[in-house]
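Those letters in the sequence shown? Residues 6 to 426, by our numbering.
For reference, the structure is listed below as structure tokens.
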Amino acid sequence: MQTSPTRNPWSWVPSLYFGQAIPYVVVMSLSVIMYKDMGISNTDIAFYTSLLYLPWVIKPLWSPLVDMVGTKRGWTVTLQLVLAASLGAVGATLHLPAFFMVSLGVMWIMAFSSATHDISADGFYMLGLRQQQQAAYVGVRSTFYRLATLAAQGPLVILAGWLATRLNDANQAWAIVFFVLAGLFFALFAWHHVVLPHPDADHKAAQGHDPFGEFVATFASFFRKRDIWLILGFILTFRLGESQLLKLVAPFLKDPIEKGGLGLSTADYGTAYGTVGIIALTIGGLFGGWLISRLGLKRCLWLMVFAVHLPDLVFVYLSAAQPTHFATICAFLAVEQFGYGFGFTALLMYMIMVSDGPYKTAHYSICTGLMALGMMVPGMWSGALQEMLGYRHFFVWTCLATIPAFAMAALVKIDPEFGKK
Numbered sequence: 006m007q008t009s010p011t012r013n014p015w016s017w018v019p020s021l022y023f024g025q026a027i028p029y030v031v032v033m034s035l036s037v038i039m040y041k042d043m044g045i046s047n048t049d050i051a052f053y054t055s056l057l058y059l060p061w062v063i064k065p066l067w068s069p070l071v072d073m074v075g076t077k078r079g080w081t082v083t084l085q086l087v088l089a090a091s092l093g094a095v096g097a098t099l100h101l102p103a104f105f106m107v108s109l110g111v112m113w114i115m116a117f118s119s120a121t122h123d124i125s126a127d128g129f130y131m132l133g134l135r136q137q138q139q140a141a142y143v144g145v146r147s148t149f150y151r152l153a154t155l156a157a158q159g160p161l162v163i164l165a166g167w168l169a170t171r172l173n174d175a176n177q178a179w180a181i182v183f184f185v186l187a188g189l190f191f192a193l194f195a196w197h198h199v200v201l202p203h204p205d206a207d208h209k210a211a212q213g214h215d216p217f218g219e220f221v222a223t224f225a226s227f228f229r230k231r232d233i234w235l236i237l238g239f240i241l242t243f244r245l246g247e248s249q250l251l252k253l254v255a256p257f258l259k260d261p262i263e264k265g266g267l268g269l270s271t272a273d274y275g276t277a278y279g280t281v282g283i284i285a286l287t288i289g290g291l292f293g294g295w296l297i298s299r300l301g302l303k304r305c306l307w308l309m310v311f312a313v314h315l316p317d318l319v320f321v322y323l324s325a326a327q328p329t330h331f332a333t334i335c336a337f338l339a340v341e342q343f344g345y346g347f348g349f350t351a352l353l354m355y356m357i358m359v360s361d362g363p364y365k366t367a368h369y370s371i372c373t374g375l376m377a378l379g380m381m382v383p384g385m386w387s388g389a390l391q392e393m394l395g396y397r398h399f400f401v402w403t404c405l406a407t408i409p410a411f412a413m414a415a416l417v418k419i420d421p422e423f424g425k426k
């Protein structure tokens, strides 16, 4: 057994975060496209898929168990096998009469497994890399996470659109896509079972400890952090605009012109958001990680806050002009994705900074749970709000909703040296 994290991080960091993203993307994004193809309303899509954020919101309640029982490596590999089975199970539900609610039920199981996998994988990342490596690879992990997001919304959506046309059956097309995802995730499970290192610090909890006492101490120590209200405000508001916009991007791009959308086919959506978007986001994410490792998080913060929020204006323009030229649509989506990939790196690194300490795994899960809460609640009302306002005014509102993030960025305190290589 390997006793120190000596494996090249490139052998496991990219695949670990590509795999971490897949079930999250399925329940949060791919489900939106799938249910839109199956005729579910924007209100129901936004409400029910936003509710699936709940496991990520409440995962801090069981995150101490991942610290106290077993190893982070063991949790990570086992849950990947469970997730592979869950993906296959979703595909098997899509021809049932009550497919909407039954598939949502399976996705709830997938969501809880995925949220727990996030705890173990993020904890393993911090155990398997030194702090300097964590800063250098944060761009890599965020890039491959988003690559999985866009690959699922790109090639797999194109495949779903092509199959739906060939088979004249959207349900069967999406069932095949989920079986493909199950096979891919099983391959990731097999790969990580072999290549993940065995860091010395990744050990089972000591015998004779007080689990309840540790549980209470974990939460108490987080909420006793200095400037905790600034920490909470920054994490909860950073994605306030995006949390509402994200649920309506696919419906907007796919709805016909007369309904205020852009009228893209399922395959065109996959090309625009999954091919052009992948290139732009990859460049943005890698550049963001590199810049933080050179300058530190503090010096990069404002640039990244502007970069992640200002591109929301792209959707104000697209909803007002409703361009029909496919290359123009792709170009604007590329701008938005580059800004997101670059700017979101700041939030990831900020949460790593806040989590540092003896309970880093549990504290990071608390941070991501707070981030999920900031995504879930606004997302739940976004569909009904869009149907009330129309796409154009809705996207104006999402831009206004980014203002609190700018205010919190002016208040948070960051060590000038944090994140430097």
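Don't be surprised by glycine CBs; every beta carbon is placed ideally from N, CA and C.
* Asked: How is the alpha helix (DSSP H) around His398 delimited, first residue to last?
  -> Here residue 398 is taken as the residue at index 393 of the sequence shown, counted from 1. First-last of the alpha helix (DSSP H) with His398: Tyr396 to Leu405.
* To do: Quick one: residues in its chain with C-beta nearer than 7 angstroms to the C-beta of Thr403, no 5 flanking neighbours on either side, listed in chain order?
  => In the sequence shown, counting from the first residue as 1, residue 403 sits at position 398. So the list reads Gly246, Gln249, Leu250 and Asp317, once near-sequence residues are dropped.
* Could you tell me whether the stretch 158-169 touches the stretch 263-281, using the rule of 3 or more Cβ pairs below 8 angstroms? => yes
* Does the beta-carbon distance from Pro436 to Thr223 come in below 8 angstroms? -> Nothing can be reported for residue 436: it is not among the residues displayed for the chain, which extend from 6 to 426.
* Give the straight-line distance between the Cα atoms of Lys252 and Phe220, rounded to the nearest whole angstrom. => Looking up residue 252 in the sequence shown gives position 247. Looking up residue 220 in the sequence shown gives position 215. Rounded to the nearest angstrom, the two C-alpha atoms are 34 angstroms apart.
* Asked: Going by beta carbon distance, what residues of the same chain come within less than 7 angstroms of Leu375, once the five residues before and after it are set aside?
  -> What you label residue 375 is simply residue 370 of the sequence shown in a count that begins at 1. Answer for Leu375: Leu237, Ile240 and Leu241, listed in chain order.
* To do: Go to Asp273, then tell me how far its alpha helix (DSSP H) extends in each direction, as first and last residue.
  => On the sequence shown, position 268 is the one that residue 273 refers to. Start and end: Thr271 to Thr276.
* To do: For Gln212, collect the residues of the same chain with a Cβ closer than 7 angstroms to its Cβ; drop the 5 residues on either side in sequence, then sort them by chain order.
  => Taking the first residue of the sequence shown as position 1, residue 212 is located at position 207. Caution applies to Gln212, whose pLDDT of 48 falls short of 50 and renders its modelled position unreliable; the model cannot decide the point.
* **Opening and closing residue of the alpha helix (DSSP H) in which Asn176 lies** => As a first step, residue 176 must be located in the sequence shown, where it is residue number 171. Counting along the chain, the alpha helix (DSSP H) containing Asn176 begins and ends at Ala175 to Val200.
* Asked: Residue range of the alpha helix (DSSP H) that Glu341 falls in?
  -> What you label residue 341 is simply residue 336 of the sequence shown in a count that begins at 1. That run of the alpha helix (DSSP H) goes Phe331 to Ser360.
* To do: Determine the DSSP secondary structure at Gln158, reduced to helix, strand or coil.
  => Locating residue 158 in the sequence shown gives position 153, counting from the first residue. Looking at Gln158 - three-state DSSP - the assignment turns out to be helix.
* What is the rounded straight-line gap between the Cα of Ile45 and the Cα of Tyr130? -> Position 40 of the sequence shown, counted from the first residue, corresponds to residue 45. Position 125 of the sequence shown, counted from the first residue, corresponds to residue 130. Computed Cα separation, rounded: 38 angstroms.
* Please name the residue, chosen from Leu306, Leu92, Val62 and Thr287, that lies closest to Phe411 on a Cα-to-Cα basis. => Residue numbering aside, residue 411 sits at position 406 when the sequence shown is read from its first letter. Closest by alpha carbon: Leu306.
* Asked: Grouping DSSP H, G and I as helix and E and B as strand, with all else coil, what is Gln391?
  -> Counting from 1 along the sequence shown, the entry for residue 391 is found at position 386. Reduced to three states, the DSSP call for Gln391 is helix.
* To do: Measure the C-alpha to C-alpha separation of Phe349 and Met380 and round it to an integer number of angstroms.
  => Here residue 349 is taken as the residue at index 344 of the sequence shown, counted from 1. Here residue 380 is taken as the residue at index 375 of the sequence shown, counted from 1. Looking at the two C-alpha atoms, the distance is approximately 14 angstroms.
* Looking only at its own chain, which residues have a Cβ that is under 6 angstroms from the Cβ of Ala339, when we skip the five neighbours before and after it? -> Start at 1 with the first residue of the sequence shown, and residue 339 comes out as number 334. Once the five neighbours on either side are set aside, the close Cβ partners of Ala339 are Val281 and Ala285.
* Pro383 burial status per 10 Å Cβ neighbour count (16 or more: buried) -> Working through the sequence shown from its first residue, we reach residue 383 at position 378. Buried, by the Cβ-count rule.
* Rounded to whole angstroms, how far is the Cβ of Ser118 from the Cβ of Val87, which I believe are closer than 8 angstroms? -> Along the sequence shown, read from residue 1 onward, the residue named residue 118 stands at position 113. Along the sequence shown, read from residue 1 onward, the residue named residue 87 stands at position 82. That pair is a contact at about 5 angstroms.
* Is Thr364 helix, strand or coil when you go by DSSP? -> The residue you call residue 364 lines up with position 359 of the sequence shown. Per the sequence shown, residue 364 should be read as Tyr rather than Thr. Residue state, collapsed to three classes: coil.
* Would you identify the three-state DSSP class for Ala211, choosing helix, strand or coil? => Translated into positions along the sequence shown, residue 211 becomes position 206. Annotation note: pLDDT 48 at Ala211 (below 50); position unreliable, coordinate value reported separately. It is coil, neither helix nor strand.
* Just the C-alpha distance for Tyr355 and Asp205, rounded to the nearest angstrom, thanks. => What you label residue 355 is simply residue 350 of the sequence shown in a count that begins at 1. What you label residue 205 is simply residue 200 of the sequence shown in a count that begins at 1. Roughly 26 angstroms separates the two Cα atoms.
* **Whole-angstrom distance between Val417 and Leu235, CA atom to CA atom** => The sequence position of residue 235 within the sequence shown is 230, counting from 1. The sequence position of residue 417 within the sequence shown is 412, counting from 1. When rounded, the distance between both Cα atoms is 6 angstroms.
* **C-alpha gap between Met385 and Ala367, whole angstroms** => One-based indexing of the sequence shown puts residue 385 at position 380. One-based indexing of the sequence shown puts residue 367 at position 362. Approximately 26 angstroms, taken between the alpha carbons.
* Asked: Between Val310 and Leu353, what straight-line distance do the alpha-carbon atoms span, to the nearest angstrom?
  -> The count along the sequence shown starts at 1 and reaches residue 310 at position 305. The count along the sequence shown starts at 1 and reaches residue 353 at position 348. Each residue's alpha carbon lies about 12 angstroms from the other.
* To do: Following the continuous alpha helix (DSSP H) through Ser108, name the residue where it begins and the one where it ends.
  => As a first step, residue 108 is located in the sequence shown; it is residue number 103 there, counting from the start. Taken as a continuous stretch (DSSP letters only), the alpha helix (DSSP H) holding Ser108 covers Phe104 to Gly133.
* CA-to-CA distance, Ser360 to Gly301, given in whole angstroms -> For this step, residue 301 is matched to residue 296 along the sequence shown. For this step, residue 360 is matched to residue 355 along the sequence shown. Roughly 17 angstroms separates the two Cα atoms.
* Exposed or buried, what is Leu155 when buried is set at 16 or more other beta-carbons lying within 10 Å of its beta-carbon? -> In the sequence shown, the residue the question calls residue 155 occupies position 150. Buried, by the Cβ-count rule.
* Asked: Thinking just about the alpha-carbon of each residue, which of Gly24, Pro363 and Ala180 is nearest to the one in Ser226?
  -> Indexing the sequence shown from 1 puts residue 226 at position 221. Nearest C-alpha to Ser226: Pro363.
* Asked: For Thr48 versus Gly388, is the C-beta distance shorter than 8 angstroms?
  -> If you number the sequence shown from 1, residue 48 lands on position 43. If you number the sequence shown from 1, residue 388 lands on position 383. Yes.
* So, Gly24 versus Phe191, is the Cβ gap smaller than 8 angstroms? -> The residue given as residue 24 occupies position 19 in the sequence shown. The residue given as residue 191 occupies position 186 in the sequence shown. Not a contact, by the Cβ cut-off of 8 angstroms.
* To do: Could you tell me whether the stretch 143-157 touches the stretch 30-38, where touching means 3 or more Cβ pairs closer than 8 angstroms?
  => yes
* Of all the options Ser34, Gly395, Met43 and Gly218, which has the alpha carbon lying nearest to the alpha carbon of Tyr57? -> Position 52 of the sequence shown, counted from the start, is the residue given in the question as residue 57. The residue asked about is misnamed: residue 57 is Leu in this sequence, not Tyr. Answer by Cα proximity: Ser34.
* Give me the Cα-Cα distance between Lys365 and Tyr396, rounded to the nearest whole angstrom. => In the sequence shown, the residue the question calls residue 365 occupies position 360. In the sequence shown, the residue the question calls residue 396 occupies position 391. C-alpha separation (whole angstroms): 41 angstroms.
* Boundaries of the alpha helix (DSSP H) in which Asn446 is found, first to last residue -> What the structure shows of the chain is the stretch from 6 to 426, and residue 446 is not part of that stretch, so it cannot be assessed.
* **Terminal residues of the alpha helix (DSSP H) in which Lys3 lies** => Residue 3 is absent from the structure shown; the chain starts at 6 and stops at 426.
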